[in-house]
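Everything on this sheet refers to the single structure shown next.
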Amino acid sequence: MYCFFNKASFTSHSPKIKMEHTRIKELLNATEFGKEVVVKGWVRTFRNNQFIAINDGSSINNIQAVVDFENTPEDILKRITTGAAVRVKGQLIESLGKGQKVEVKATEVSIIGDSDPEKYPLQPKKHSLEFLREIAHLRFRTGTFNAVFKVRNALAFAVHKFFQENDFVYMHTPIITGSDAEGAGEMFQVTTLNLSNPPRKENGEIDFKEDFFGKSTNLTVSGQLEGELGAMAFGNIYTFGPTFRAENSNTTRHLAEFWMIEPEMAFYELEDNMDLAEALLKYVIKYALETCPEEIEFLKSRLLEEEKSKPAAERSELNLVEKLNFVLENNFERVTYTDAVEILKRSKPNQKKQFKYLIDDWGADLQSEHERYLVEKHFKKPVILTDYPREIKSFYMKQNEPDAQGRNTVRAMDILFPGIGEMVGGSQREENLDRLLARMAEVGIPAEEMEWFLDTRRFGSVPHSGFGVGFERLVLFTTGMTNIRDVIPFPRTPKNAEF
Ligand code: 4AD
Ligand code: MG
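Under UniProt numbering, the first residue of the sequence shown carries the number 1, and numbering increases by one thereafter.
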């Protein structure tokens, strides 16, 4: 189905920007021994007054520069400290030491920016992820975070590549809105009113007519509603931008500010929606595996190292690379909520009352312990759960006919991943105006504030579908990191908005 059809092509390459220095990644693969080169980067270590390990961010690996210390001024040698920025000119030579193929025999060393070794927080030793989170402004300079953010970059690029190749239009939806797209009310308010003395109406309520936009506004929780407007004109669109949730969830899977990818497609039903989501996830993970082999290899070793401290039973059966390949090679399991509840009811942890929330009735929302059981213990692969109870899902989802027992479900789909839980949430949308209005009335969403959205159902309404991928959860899975705070540069979580 996803054929990457040909667009009018653009074959010109971007010009190479000429600089005095060469990036370390390029030098590490070079074979022009004897050539004079210039390296600019930051000192990772300086050993024996002779060997500088320099990193410029282009690679997780450093290049070694060998200093002729007898002919280098003492005051320069003293300033080659961890964290300092240096310029080294010298000859590229084959390295005799192990662990590297090439090194630079320095003829000139100069300091571009000093770094006081007494004060520099990143010492050349292993730091904990918790400590690095406190100095998130410097953690990019470590191997782990270099690898994580390179993979994040590759995944973001792959998302655009996938959609552009499939003729989707990238649409920018607003960050500030007056609506609550999920109807869950977990929003950050945006206001310019003086909070210590806001203007009030006669009944004492705050008068938002006096506010910047003349009404109450918030940061968006999702670009979906505006995305639906785009889909009704372009056919296929996607958004990829920041979204905000004021949910007080202090977990390793939740952020207050996270990036979401939201495609929305006219004429797609739920099956098509699932096919698209599965194709997208496989494509971007494959892209990361193929374009970041060194980074993923590094992260695989990091994870193995981290897991050594865990009891054997808690260690993963597959290493990171095997886990990623496993996702690529297997079809996601598609199961209805109703069938999943039956599986959970009969499961050992439910029978033995090991779940914190026991499953005995149809209709309850699934907790992460249930999702994890289904994915990690029962199916042992990504699972797409469909047709959830209407009462636990958003107002815009397409309603199924009631089942034999009169239970109401909607055409929802959540994709659950091992170790992550919910990676994707989506649905086919209710395209029938009357049914949508009735549902909005039931859950108390005022139609008069949503006229613009309802117009899609008034003028040329068509079956359509879409979903949202939590980008950080995707990065978390692909990097094998365990805390979502470590896959976004500057995490925003309850009581934390540093940097
Ligand atoms: O399931 P959600 O709430 O769905 C929506 O917002 C729909 N409007 C999407 C759509 O159909 N266009 O969120 C989608 C995904 C979740 O599956 C999860 O991966 C991620 O966004 N997500 C979060 N990620 C990090 N921190 C949070 N607080 C998140 N909340 C949701
Ligand atoms: Mg959801």
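All C-beta atoms, glycine included, are put in the ideal place defined by N, C-alpha and C. This structure is a prediction, so every number in the text was calculated from the model and none was measured.
- prompt: Which term fits R458, buried or exposed, when burial requires 16 or more other beta carbons within 10 angstroms of its beta carbon?
  reply: Exposed, by the Cβ-count rule.
message: According to DSSP, is L92 part of a helix, a strand, or is it coil?
response: Looking at L92 - three-state DSSP - the assignment turns out to be strand.
message: Between the alpha carbons of I54 and I24, how many angstroms are there, rounded?
response: If you draw a straight line from the Cα of I54 to the Cα of I24, it is about 8 angstroms long.
- request: Please find out if some non-hydrogen atom of the ligand ZN comes closer than 6 angstroms to the beta-carbon of G425.
  value: The ligand ZN is absent from the structure shown, which contains only the ligand 4AD and the ligand MG.
- prompt: Between the beta-carbon of M274 and the beta-carbon of M413, is there less than 7 angstroms?
  reply: Yes, the Cβ-Cβ distance between M274 and M413 is below 7 angstroms.
message: Pop quiz: E262 and G223 are said to be a contact at Cβ under 8 angstroms. What is the actual Cβ separation, rounded to whole angstroms?
response: Contact flag correct, Cβ pair sits at about 5 angstroms.
task: Look at the alpha carbon of E165 and the alpha carbon of G363, and state the distance between them as a whole number of angstroms.
output: Approximately 40 angstroms between the Cα atoms of the pair.
- prompt: Candidates E431, A8 and N48: which alpha carbon is nearest F267's?
  reply: When the alpha-carbon of F267 is set against those of E431, A8 and N48, the nearest one is in E431.
- prompt: Taking 6 angstroms as the cut-off, is the CB of F467 close to at least one heavy atom of the ligand 4AD?
  reply: Yes, the beta carbon of F467 sits closer than 6 angstroms to at least one heavy atom of the ligand 4AD.
- prompt: Hey, out of K105, H370 and D361, whose CA is closest to Q354's CA?
  reply: When each option's Cα is compared against that of Q354, the closest is H370.
Distance between D180 and P446 (C-alpha atoms, nearest Å): Going from the Cα of P446 to the Cα of D180 covers about 11 angstroms.
message: Taking the alpha carbon of A147 as the reference point, which residue from T336, N29, D486 and Y357 has its own alpha carbon closest?
response: A check of alpha carbon separations from A147 across T336, N29, D486 and Y357 identifies D486 as the nearest.
message: With three or more beta-carbon pairs closer than 8 angstroms as the criterion, would you say the stretch 298–309 touches the stretch 475–482?
response: These segments touch.
- prompt: Start and end of the beta strand (DSSP E) containing N218?
  reply: Counting along the chain, the beta strand (DSSP E) containing N218 begins and ends at T217 to L219.
message: Suppose the cutoff is 7 angstroms on Cβ atoms and the five residues either side in sequence are ignored; what does the same chain contact list for G470 look like?
response: For G470, where only same-chain residues beyond five positions count, the Cβ hits under 7 angstroms are F258, M260 and M423.
query: Given that a residue counts as buried once 16 or more other Cβ atoms are within 10 Å of its Cβ, and exposed if not, what is D387?
result: With 16 or more other CB atoms across the displayed protein chains lying within 10 angstroms of its CB, D387 is buried.
query: Thinking just about the alpha-carbon of each residue, which of N194, F46, L219 and E228 is nearest to the one in I175?
result: Relative to the Cα of I175, the nearest Cα in the group N194, F46, L219 and E228 belongs to L219.
- prompt: Between V43, E94 and Q100, which lies nearest to V88 when the distance is taken from Cα to Cα?
  reply: Considering only V43, E94 and Q100, the residue with the shortest C-alpha distance to V88 is V43.
- request: Check each candidate in E448, V37, L299 and R133 and name the one with the smallest Cα separation from L476.
  value: If we check each option's Cα against that of L476, L299 comes out closest.
- request: Can you tell me which of K348, G178 and I206 puts its alpha carbon nearest to the alpha carbon of S196?
  value: Of K348, G178 and I206, the residue nearest in Cα terms is I206.
message: Does R390 pass the burial test, meaning 16 or more other C-beta atoms within 10 Å, or should it be called exposed?
response: Counting the other CB atoms within 10 Å of its CB gives R390 a total of 16 or more, which places it among the buried residues.
message: Short of 6 angstroms in beta carbon distance, which residues of its chain neighbour E226, apart from the five on each side in sequence? Order them along the chain.
response: In chain order, T173 place their CB closer than 6 angstroms to the CB of E226, counting only its own chain and leaving out the 5 sequence neighbours on each side.
- prompt: Looking only at DSSP bridge pairs, what is L416 linked to?
  reply: In the DSSP assignment, L416 is bridged to V383 and E422.
Collapsed DSSP secondary structure at E305 in the structure displayed: Helix.
- prompt: Taking C-alpha atoms, which residue in F490, V169, P489 and S115 lies nearest to A231?
  reply: Closest option to A231, Cα to Cα, is V169.
task: Quickly, what does DSSP pair H464 with across the bridge? List them, please.
output: In DSSP, H464 forms a bridge with A266.
message: Please state the DSSP three-state secondary structure of A441.
response: Three-state DSSP puts A441 in a helix.
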